[in-house]
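Have a look at the structure below before the remarks.
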Amino acid sequence: MSAPAAAGPAPAQPLARRLGPLGRFFDSDLWYSFRQSPVAMIAGAVAFVCIFGSLLASWIAPHDPFNLATLSLSNSFIPPIPMNGSEWAFPLGTDEQGRDMLSAIMYGGRLSLVVGFSAVLFATVVGVAIGLIAGYGGGTLDAVLMRVADVQLTFPAILIALVVDGIVSAALHELHEATEIYVIVFAIGISNWPQFARTVRGSTMVERGKEYVMAARVIGISGPRIMLTHILPNVLGPVLVIATINLAVAIVSEATLSFLGVGLPPTDPSLGTLINNGNSYLFSGQWWITVFPGAALVIMVLSINLLGDWLRDALNPRLK
Amino acid sequence: MALPEVPLPEVPLLEVPLLEVRELSVEFPTRRGVLKALDTVSFTIETGEVLGVVGESGAGKSLTGAAIIGLLERPGRISGGRILLEGRRIDTLSQEEMRRIRGRRIGAIFQDPLTTLNPLYTVGRQLAETMQVHLGISDAEARRRAVGWLEQVGIPAPAERIGAYPHEFSGGMRQRVVIALALCAEPQLVIADEPTTALDVSIQAQIITLIKRLAREHGTAMMLITHDMGVIAETADRVAVMYAGRIVELGPVRRVIRHPAHPYTDGLMASIPTLAGRLGRLTQIEGAMPRLSAIPPGCPFAPRCPKVFSRCTAERPELMAAGETAAACWLYAPASAEAAHV
Amino acid sequence: MSDVMAEFGGTDSVRVHSPGPLFEAEHVTRLFDVSSPWLQRIVGGEKRRMLRAVDDVSFTIATGTTLSLVGESGCGKSTMARLAVGLYAPSRGKIRFEGKLLAAARAEPGLRRRMNMIFQDPYASLNPRWRVARIIAEPIRAFGLLRSARAIAARVGELLLQVGLQPSDGEKYPHEFSGGQRQRISIARALSSEPEFLVCDEPTSALDVSVQAQILNLMRDLQRRLGLTYLFISHNLAVVRHMSDRLGVMYLGRIVEIGPAEEVFSAPRHPYTRMLLDAIPDLAQNRAQDQATSGRSRTPVAGEVPSPIAPPPGCTFHPRCPLANERCRRELPEYTASGATLVACHAVAEGRRAA
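Here is the structure:
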């Protein structure tokens, strides 16, 4: 007869809700739609394993491939399991210096992730700030900032990263070695801010016209305060999606730069450097030195991308 | 090129109401359970009659219209009851068959003229196309009739305006075009969902007059869905008052307005500010309409009803005779155990 | 209320009633530039186009009373609401709050605190990411009315009770409430700065009839209890009748009739006011005629509101006015007094009843 109704005046609080914010997350629509999507769950699991394995590399990697004391040239060029001559101690084989590929990949992955996260964080902060200012301020300020973004978007991001990297490295040439990683993060971050800025600008313009912003203006709250406390929480949704996909892009950018030789130094290699390094041995039979780092990169980036795709669809109110 | 007619039985019109809705129920399955949005709604519309369906937001009036015309949005679905057009069931028809009925037998006027009209086609083309599809007339004839329709709905210089695009009309004019579009295929029934709500007050009056006149002239029946009791008072012959997915009162308009039987209708009428009523505090109904997920057992209005008694929270009342109208209220329970349905 | 005032007992908590009206608008005009972008204008040889949203509007509001502005779309009432609260600045004319120019008054937190606004859309007027308690407390914090978190929480609870909600509702988010409840929250927020002057921009237009009755009753009670002054904007004359002491009818940015509400309702003078009143489907009217004849004793209004960008010359209402003559087409009417009401109409000034 009637819908499943509560007997009392208010429905009983489900257990998850009472557990606070974490509980609220697990009770939310987002988690529900995550459970409904097999792709999201698999991608999420894979990404989790990659990230987990990389970040804890120092503790869980079987060897330390960059500790010269533990390396021995007698271990070089061991092929991976299940090929002839492989050893269980080195499941994915070793490279020309006897470094264990699995460990190298874990350490390299860590570096790729650190650079990737930092670059995305940088791009997010810069892009969101510029987007908020452009969207809220409007007028000439908005026009100028967006034209800068437009111009930058006409160039491929990698090209911009290369140029920035080149200029800054030349400017800092003695400090080059020590600051290399910061330069890379800066270069990749700078090449990626426009997407954030444009999205945030659009959302900001929508929110600015809403009455809760007007209510704040009526009581005299200042512009910057309105932007930070009122508008920012409401425009962050799409930012999360862009950041996730951008993470994958940043990791690949770093790998590209390293592969081209202008990225991180080979003493502290990322996945890109490993791929570059192994490239010379690809056609002489020791294919695993480049293929495994490459595969690891692809798997990490693909899973993050799939997660980002799912997130975008899950957060899109129109598709519900 | 007309669509083939959906064959309807040869039943003399006088014996069967034009539209009969019997115990219609609509559900929405959500992940928190099934929500019953319409609960055994029953009413009829005779040929040429205007039935007003009034209620507040969430009462289910728009859903009723959508269900009849076959445009229920997923995941909503009809979970019970039947809808009969001239004696023949239409709720079980396929999408294709329903498409033929829409326009030819049942027309629709929605609230927002901007989204009803296709912005890319001229007004004349939309009218002509509708008529050609449903009436199977020639291009020239359709064009001629389109101009005639624009004139009937009061658009000045119709022969020139036939080539204009929707955005070139003002809000009130656009709504007139929508009315023409709804009536041009000469349907027997028009479902109008809040046709005047988005318009200015002075335009509202014009549109109401127009709708009434055209309905009478063409013998079209109408189901007029609105939250505005004033519009109902002006236009409808009978009115159905909806609350929480059910009809709580059904009867002739003047009777329901002057002597509402159901306590909700009574409270509703008293809370409407008017130009002639006494000044001072408006009568208010305490509380709010229950959410679909929390409809109380028994009569859904019981928690807010000033005349509630024990039977109200125990059993759900069906529509029963209450003087000249019918009300779903135990106050009107006949002495015998059997309740009469309207 | 009194314990709150005792808590900070400063000078600006004491209401100084100056002899003049609380709020005054003097020949206020507001223009908007709706020209095409600069490049397009140059290339297309187009002129600048200005929209006169509000045109030479003057009125006063006495303390403790309600002035309503009614009109249809494009009449400028919403713009006037925003001008009244300082969100826009007038292009011409002056606005005064307690005798001081509005811009100067708003620069002083002590004065700015005393005016606030309630908005039309209950869904867009509350920040969806903030809890209700934080939303209501924002003005309290912004004006430094209370300092300790405990005092603020207590005050928020008080305000929620005052508008008919529960103190525990402060922990929830706006989406957990219905439209009517959200409007109550908006009212609580507007009241938290202890204002004397509230601009209400169609506060019940988006609400159901029975909810509207609750909100209107609440607003009347609050006005009586707290001595509030309202500028009430609406398109619904029946609602306005229940709320107003004085009433101004606007058409295309100008006030065409303004006076005590009873007078305007019982004896409308301006043809537009008459048309508006006629156009309202009146339930209380005793209709003897049969529905089937579809007769109606009133005449529906002719025509539609013209675009405010290119208003007709002379009296802007003349294309739709049954009493329009040659003078109406040329000359803008001045205000004539008729009883306690001011009317801007040549026909009324000349005592005419026909064109």
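Going down the list, the protein sequences come from chains A, B and C.
Under this note's numbering, the final residue of the first sequence carries the number 354; numbering is consecutive throughout.
Under this note's numbering, the final residue of the second sequence carries the number 358; numbering is consecutive throughout.
Under this note's numbering, the final residue of the third sequence carries the number 362; numbering is consecutive throughout.
Where a beta carbon is used, it is the ideal one built from N, C-alpha and C, also for glycine.
Per-residue contacts from residue 306(B) into chain C (C-beta, under 7 Å) | Neighbours of residue 306(B) on chain C: none; closest Cβ ~11 Å, over 7 Å.
Report yes or no: is there a C-beta of chain A within less than 7 Å of the C-beta of residue 132(C)?
-> yes
Can you find a CB in chain C that lies within less than 7 Å of the CB of residue 97(A)?
-> no
Measuring CA to CA, which of 99(A), 337(A), 291(A) and 200(A) is closest to residue 149(A)?
-> 291(A)
So does the region 180-193 of chain A actually touch the region 304-322 of chain A, counting three or more Cβ pairs closer than 8 Å?
-> no
For chain C, find out if any of its Cβ atoms is closer than 7 Å to the Cβ of residue 333(A); answer yes or no.
-> no
Tell me, please, whether the CB atom of residue 209(B) is closer than 7 Å to any CB atom in chain C?
-> no
Nearest-angstrom Cα distance between residue 159(C) and residue 97(C)?
-> 36 Å
Would you mind reading off the limits of the alpha helix (DSSP H) that contains residue 335(A)?
-> 322-349
Per DSSP, cross-strand counterpart(s) of residue 207(C) = 125(C) and 239(C)
Is there a Cβ from chain B that is less than 7 Å from the Cβ of residue 277(C)?
-> no
What residue does the beta strand (DSSP E) around residue 259(B) start on, and which one ends it?
-> 254-259
Own chain partners of residue 179(A) with C-beta closer than 6 Å, once the 5 adjacent residues on each side are dropped | 164 and 168
Can you list, in chain order, the residues of its chain whose CB lies under 7 Å from that of residue 127(C), leaving out five sequence neighbours each side?
-> 208, 209, 210, 212 and 213
Outcome for residue 77(B) when other beta-carbon atoms lying within 10 angstroms are tallied against a minimum of 16 | buried
Per-residue contacts from residue 115(A) into chain C (C-beta, under 9 Å) | By Cβ distance, chain C contributes nothing, its closest Cβ being about 52 Å from residue 115(A), past 9 Å.
Grab the span of the beta strand (DSSP E) containing residue 99(A) for me, first residue to last.
-> Premise fails: residue 99(A) is in no beta strand (DSSP E) and is neither H nor E.
Given a limit of 9 Å on CB to CB distance, which residues of the region 281-299 of chain B reach chain C?
-> 283, 284, 285, 286, 287, 288, 289, 290, 291, 292, 293, 295, 296, 297, 298 and 299
Are the region 194-202 of chain B and the region 129-136 of chain B touching by the rule of at least three beta carbon pairs closer than 8 Å?
-> yes
Identify the contact partners of residue 187(C) in chain B, using a Cβ-Cβ distance below 7 Å as the criterion.
-> 304
What separation, rounded to the nearest whole angstrom, lies between the Cα atoms of residue 79(A) and residue 83(C)?
-> 58 Å
Do you know offhand how far residue 194(A)'s Cα is from residue 221(A)'s?
-> 7 Å
CB of residue 85(B) within 7 Å of CB of residue 207(B), strictly | yes
Using a Cβ cut-off of 8 Å, pull out every chain B residue sitting near residue 273(C), in sequence order please.
-> Going along chain B, no residue has its Cβ under 8 Å from residue 273(C), so there is no contact; the nearest lies around 10 Å.
Counting only beta-carbon atoms, is residue 260(A) nearer than 7 Å to chain C?
-> no
Any chain B beta carbon closer than 7 Å to residue 221(C) = yes
Per-residue burial, residue 144(A) [other beta carbons within 10 Å of its own, 16 or more giving buried] = buried
Starting from residue 132(B), trace the alpha helix (DSSP H) both ways and give me its first and last residue.
-> 129-132
Return no unless some Cβ of chain B is closer than 7 Å to the Cβ of residue 290(C).
-> yes
Measure how close the beta-carbons of residue 265(B) and residue 278(B) come, nearest whole angstrom, since I'm counting them as under 8 Å.
-> 4 Å
Is the Cβ of residue 146(C) closer than 7 Å to any Cβ of chain A?
-> yes
Within the same chain, show all residues whose beta-carbon is closer than 7 Å to that of residue 340(B), passing over the 5 residues directly before and after it, in chain order.
-> 267, 268 and 271
If we count the other Cβ atoms within 10 Å of its Cβ and call it buried at 16 or more, is residue 140(C) buried or exposed?
-> buried
If you draw a straight line from the C-alpha of residue 205(C) to the C-alpha of residue 359(C), how long is it?
-> 39 Å
Take residue 303(A) and list the residues in its own chain whose beta-carbon comes closer than 6 Å to its own, dropping the five residues that flank it on each side.
-> 142
Kindly confirm or deny that the region 83-102 of chain B and the region 51-64 of chain B touch, where touching means at least three C-beta pairs closer than 8 Å.
-> yes
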